[in-house]
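Numbering (the numbering used here), first residue to last: 2 to 213. Yeah, the Cβ is synthetic: ideal placement off N, Cα and C, and Gly gets one too. This structure is a prediction, so every number in the text was calculated from the model and none was measured. Structure first, then comments.
Given below as structure tokens:
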């Protein structure tokens with residue numbers, strides 16, 4: 002496999018690698034990226050984002066930057082949009098699409114990635130259900146403990162009823178829309194990222210070193 006260079010460490014067994022995917026990679030996915038990175042600070046994770054029709058080299062939307070500031074979350078001001086590639090999907094351990102259309106594109110671009118691709122809100126919904134089932138268990142390291150938590154969330158898919166309105170698994174696209182639409186997107190992204198972070202942090206907190 003040729004590395005995409007997307008993640009700082011793409012060595013097998015390295016940090017948990019999470020990839021957010023939206024359309025332009027300037028509004029929704031970079032905001033989710035910086036929020037999750039901040040929430041998981043101190044844990045062995047590598048988080049990135051890309052777009053299915055990326056506005057390559059464009060900056061993170063000013064409205065998304067302001068949301069991050071309002072939440073006290075630092076972001077890289079010179080970050081630029083980048084196009085999603087098959088190699089990025091190959092390297093990721095978890096792909097979090099911002100809408101079902103992006104999840105479909107992920108599966109079309111790299112079919113093997115379908116098993117590890119969710120919408121952000123879908124993963125958060127399943128992760129919250131998994132939380133009641135969490136128990137401490139041996140793992141090789143913290144990264145492995147978090148990967149196992151992702152696998153457990155994935156195992157729940159298909160065993161539980163979907164939302165009544167399938168659109169509840171999507172995050173509204175605020176790009177070039179009003180501040181009200183950005184606020185609506187924020188209201189969908191922030192709790193979903195929080196639930197995702199909580200599940201991964203809990204997996205790390207329950208980590209028990211495997212016997213040597």
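Close beta carbons around residue 154, own chain, < 6 Å, minus the five adjacent residues each side: Translated into the one-based positions of the chain shown, residue 154 becomes position 153. 127, 128 and 131, listed in sequence order.
Continuous beta strand (DSSP E) stretch holding residue 120: start and end: Counting from 1 along the chain shown, the entry for residue 120 is found at position 119. Note, residue 120: beta strand (DSSP E), 118-120.
Residue 238 - DSSP class collapsed to helix/strand/coil: What the structure shows of the chain is the stretch from 2 to 213, and residue 238 is not part of that stretch, so it cannot be assessed.
Burial state of residue 143, where buried means 16 or more other Cβ atoms lie within 10 Å: Against the chain shown, residue 143 aligns to sequence position 142. So residue 143 ends up on the buried side.
For residue 118 and residue 102, believed in contact at Cβ under 8 Å, the rounded distance: As a working mapping, residue 102 is identified with position 101 in the chain shown. As a working mapping, residue 118 is identified with position 117 in the chain shown. Contact doesn't hold; Cβ gap of about 12 Å is too wide.
Sequence-distant residues of its chain with Cβ nearer than 8 Å to residue 30 (five each side left out): The residue given as residue 30 occupies position 29 in the chain shown. Closer than 8 Å at Cβ, skipping near neighbours: 21, 22, 23, 50, 51, 52 and 99.
Rounded C-alpha distance that separates residue 81 from residue 63: For the purposes of this step, residue 81 is identified with residue 80 of the chain shown, where counting begins at 1. For the purposes of this step, residue 63 is identified with residue 62 of the chain shown, where counting begins at 1. When rounded, the distance between both Cα atoms is 12 Å.
Residue(s) in a DSSP beta bridge with residue 82: Residue 82 sits at position 81 when you count from the first residue of the chain shown. DSSP output for residue 82 lists 57 as bridge partner(s).
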